[in-house]
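Asker:
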Amino acid sequence: MTPKNPFSRRQFLAATSGAMGAAKLYGQEEATPSERLALQGGPKAVQGAMPKHVRWGEPEREQMNALIDQANMFYWKGPQTTLLIDRFRQTCPLEHVMTCSSGTAALHIAVAAAGIEPGDEVITSPISDIGTVIGTIYQQAVPVFADLGRNTYNLDPEDVAQRITPKTKAIIAVHLAGNPCDMHALKTLADQHNLVLIEDCAQAWGAKFRGKPIGTVGHIGCFSLQAAKHVTSGEGGVVASSDPRFGPLLQRFGDKGMDRLAKGGLFEVFATNYRMSEPQAGFAAAQLTRVEGIAEKRSQLGNRLNAKLAGAPGIEPHQIHADDRSTYWFLMFRLRPEAFKCDRAEFVKALAAEGVPASAGYIPVPLYGNPVFQKHGFFAGRWPVKELGLTTMDYAKVSCPEAEAILKTGVRITIHEGMSEDYVLSLAAAVQKVATHYAV
Ligand SMILES: Cc1ncc(COP(=O)(O)O)c(C=O)c1O
Numbered sequence: 001m002t003p004k005n006p007f008s009r010r011q012f013l014a015a016t017s018g019a020m021g022a023a024k025l026y027g028q029e030e031a032t033p034s035e036r037l038a039l040q041g042g043p044k045a046v047q048g049a050m051p052k053h054v055r056w057g058e059p060e061r062e063q064m065n066a067l068i069d070q071a072n073m074f075y076w077k078g079p080q081t082t083l084l085i086d087r088f089r090q091t092c093p094l095e096h097v098m099t100c101s102s103g104t105a106a107l108h109i110a111v112a113a114a115g116i117e118p119g120d121e122v123i124t125s126p127i128s129d130i131g132t133v134i135g136t137i138y139q140q141a142v143p144v145f146a147d148l149g150r151n152t153y154n155l156d157p158e159d160v161a162q163r164i165t166p167k168t169k170a171i172i173a174v175h176l177a178g179n180p181c182d183m184h185a186l187k188t189l190a191d192q193h194n195l196v197l198i199e200d201c202a203q204a205w206g207a208k209f210r211g212k213p214i215g216t217v218g219h220i221g222c223f224s225l226q227a228a229k230h231v232t233s234g235e236g237g238v239v240a241s242s243d244p245r246f247g248p249l250l251q252r253f254g255d256k257g258m259d260r261l262a263k264g265g266l267f268e269v270f271a272t273n274y275r276m277s278e279p280q281a282g283f284a285a286a287q288l289t290r291v292e293g294i295a296e297k298r299s300q301l302g303n304r305l306n307a308k309l310a311g312a313p314g315i316e317p318h319q320i321h322a323d324d325r326s327t328y329w330f331l332m333f334r335l336r337p338e339a340f341k342c343d344r345a346e347f348v349k350a351l352a353a354e355g356v357p358a359s360a361g362y363i364p365v366p367l368y369g370n371p372v373f374q375k376h377g378f379f380a381g382r383w384p385v386k387e388l389g390l391t392t393m394d395y396a397k398v399s400c401p402e403a404e405a406i407l408k409t410g411v412r413i414t415i416h417e418g419m420s421e422d423y424v425l426s427l428a429a430a431v432q433k434v435a436t437h438y439a440v
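Structure representation (structure tokens):
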């Protein structure tokens, strides 16, 4: 498969034209094959320190001050929760919104509200946080891992189609690193096979698919407010839907099964406590005033860096559709191993020596490669759905070759909104330098 270049020639030229000036500012000329690596005692390509990442300040302080005057910290009709929901809707205009304790919780609520039954299959990505599938497994359903696009690192709709069986009930589309999945193709599959399409937007705050806010194309959108995400409340999550089948159920599946709009207080469904407290909601509400700025800046910086990487030998940039907005929770490019005289570990070491915040890959193995999957040991070492014959899934036999290759050849670079364009271009110049040095 040949990687598609996500940029037009015009965009590419525009993106790269400022590189020389920026590179000079950070003490880095365009790389030449003879240039000595910092690893070998040469000058560092990135001389400035990584810009500070200031993530909270006055808006959060003010919101916390307001909270102190509250008599009650409970979420239901709480002023902080109400504010968070209002602000969430400005980013992601969905009718039913439930705040919750994590992205994992949001995804569990989504799967439960979707009515996924024991033994049902849920197709998703093998490169994600395990939180993507925890709820599925707790509902006694079966995650089915599909392979990924070579350079999008997102679900490959053709591979998803091959893995649909009569037991398939849902797809969880993970927008990895803030790069939107091909939602047109996935929605078409979902519609054809009557599947619930759940969007895992944990890493994708502010992203847009063909201009539409992430989370609004599928049936249910799930977000994380965990400490490392674009916006945070330390821990937290949001799950939302405008679908009349699922939206009204979200609240009860996050609140021990209790429908707070119904009178009588009897439990009609079974669920755990995933409620978010008012202090968390207040902090998150303040953070959401920043989300558009963060998304726009990360998108610009990431696109700039990515376009520049497209010119480096042996490097396959992150593939972002020209009409989408990726919000780069991180940027990951791939190395073509045959194009280099060194292995990935040495390449990353050389980048680090140049001053690039780089690391090898993302998670160590695809989710199915973890011991708990390989041994089917989800519940005290056992897996009831398998023992009861509701599934024949054998994770030891699952193979997603592209996902495995992505994890072996990916190089991840930190991007954040506190960085300047010049700094990011100096990172690109450093990658150019290292790639040129090691090119065969
Ligand atoms: C893609 C993805 N899905 C789900 C989650 C789970 O979110 P949380 O950590 O808030 O439970 C994460 C968190 O890292 C994530 O990155």
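Per my numbering, the sequence shown starts with residue 1, numbered consecutively. Just so you know, even glycine gets a beta-carbon here, dropped at the ideal spot from N, CA and C.
#1: Contact check, I415 vs R298 under 8 Å by CB: the rounded distance?
#2: Since A353 and F253 are thought to touch, with beta carbons under 8 Å apart, how far apart are those beta carbons, to the nearest angstrom?
#3: Could you please give the first and the last residue of the uninterrupted alpha helix (DSSP H) stretch that includes I123?
#4: Enumerate in chain order the residues of its own chain whose CB-to-CB distance from T409 is below 6 Å, with the five nearest sequence positions on each side excluded.
#5: Since H96 and A240 should fall inside the 8 Å C-beta cutoff, what is the C-beta to C-beta distance between them, to a whole number of angstroms?
#6: Is the beta carbon of S128 within less than 7 Å of some heavy atom of ligand 1?
#7: Can you tell me whether L427 is buried or exposed, with buried defined as 16 or more other CB within 10 angstroms of its CB?
#8: In chain order, what residues of the same chain lie with their CB nearer than 8 Å to the CB of A439, ignoring the 5 residues before and after it?
#9: Taking only the alpha-carbon atoms, compute the straight-line gap between L186 and V174 and give it to the nearest angstrom.
#10: Is any heavy atom in ligand 1 found nearer than 7 Å to the beta carbon of E235?
#11: May I ask whether a heavy atom of ligand 1 can be found less than 7 Å away from the beta carbon of T152?
#12: Can you tell me which of the three DSSP states K169 falls into?
#13: Identify whether I214 lies in helix, strand or coil by the three-state DSSP scheme.
#14: Out of L266, I220, N72 and A295, state which residue places its alpha-carbon closest to the alpha-carbon of A204.
#15: Looking at C-beta atoms only, is the number of pairs between the stretch 355 to 370 and the stretch 125 to 145 that lie closer than 8 Å three or more?
#16: So, helix, strand or coil for K24, using DSSP?
#17: Quick one: is K433 buried, meaning 16 or more other Cβ sit within 10 Å of its Cβ, or exposed?
#18: Drop a sphere of 10 angstroms on the beta-carbon of N306, count the other beta-carbons inside from all chains shown, and report buried for 16 or more, exposed for fewer.
#19: I think R441 touches D343, with their Cβ atoms under 8 Å apart; what is that distance to the nearest whole Å?
#20: So for D129, helix, strand or coil by DSSP?
#21: Per DSSP, what are the beta-bridge partners of L331 in this structure?
#22: Could you say which of S125, V424 and P371 lies nearest to A396 if we only look at CA atoms?
#23: Please classify D255: does DSSP put it in a helix, a strand, or coil?
#24: Here's the rule I'm using: 16 or more other beta-carbon atoms within 10 Å means buried, otherwise exposed. How should V54 be labelled?
#25: From A350, Y368 and P357, pick the residue whose C-alpha is nearest to that of R36; which is it?
#26: Among residues of its own chain, excluding the 5 on either side of K386, which ones have a beta-carbon nearer than 6 Å to its beta-carbon?
#27: Within 10 angstroms of its Cβ, does S326 collect 16 or more other Cβ (buried), or is it exposed?
#28: Measuring CA to CA, which of P357, T436 and D394 is closest to M419?
#29: With hydrogens ignored, establish whether the beta-carbon of V174 is closer than 7 Å to any heavy atom of ligand 1.
#30: With 16 as the cutoff for other CB atoms within 10 Å, does N194 come out buried or exposed?
#31: According to DSSP, is F209 helix, strand or coil?
#32: Got a sec: does ligand 1 put a non-hydrogen atom nearer than 7 Å to the Cβ of A202?
Answerer: Reading off the structure:
#1: Yes, I415 and R298 are in contact; Cβ-Cβ is about 6 Å, under 8 Å.
#2: Contact flag wrong, Cβ pair sits at about 49 Å.
#3: If you look at I123, you'll find it isn't in any alpha helix (DSSP H); it sits in the beta strand (DSSP E) that goes E121 to T124.
#4: Cβ within range, chain order: R334 and L335.
#5: Right, the Cβ-Cβ distance comes to about 6 Å (below 8 Å), so this counts as a contact.
#6: True, at least one ligand heavy atom lies under 7 Å from that Cβ.
#7: By the neighbour-count rule (16 or more Cβ atoms within 10 Å), L427 is buried.
#8: Cβ contact annotation for A439 (same chain, cutoff 8 Å, sequence separation greater than five): P33, P313, G314, A339, F340 and K341, in chain order.
#9: In this structure, the alpha-carbon of L186 lies about 11 Å from that of V174.
#10: Under cutoff, so the answer is yes.
#11: Not under cutoff, so the answer is no.
#12: Strand at K169.
#13: Here I214 sits in coil by DSSP.
#14: If we check each option's Cα against that of A204, A295 comes out closest.
#15: The answer is yes - the stretch 125 to 145 touches the stretch 355 to 370, with three or more Cβ pairs under 8 Å.
#16: Residue placement at K24 cannot be trusted, given a pLDDT of 42 that sits under 50; what the coordinates show is reported in the next sentence. Residue state, collapsed to three classes: helix.
#17: Buried, since its Cβ has 16 or more Cβ neighbours within 10 Å.
#18: With 16 or more other Cβ atoms within 10 Å, it is buried.
#19: Because residue 441 is not part of the residues shown, which for the chain are 1 to 440, the question remains open.
#20: Looking at D129 - three-state DSSP - the assignment turns out to be coil, as it is neither helix nor strand.
#21: BP columns for L331 point to I413.
#22: When only C-alpha atoms are compared, the closest one is P371.
#23: It is a strand residue.
#24: Answer is exposed; the Cβ neighbour count stays below 16.
#25: Cα-wise, what sits closest to R36 is A350.
#26: H376, listed in sequence order.
#27: Its Cβ being crowded by 16 or more others within 10 Å, S326 is buried.
#28: The option with the nearest alpha carbon to M419 is P357.
#29: With a cut-off of 7 Å, the C-beta of V174 is classified as near ligand 1, since at least one heavy atom of the ligand falls inside that distance.
#30: Classification for N194: exposed.
#31: If DSSP states are grouped into helix, strand and coil, F209 belongs with the strands.
#32: Result yes, Cβ under 7 Å from ligand 1.
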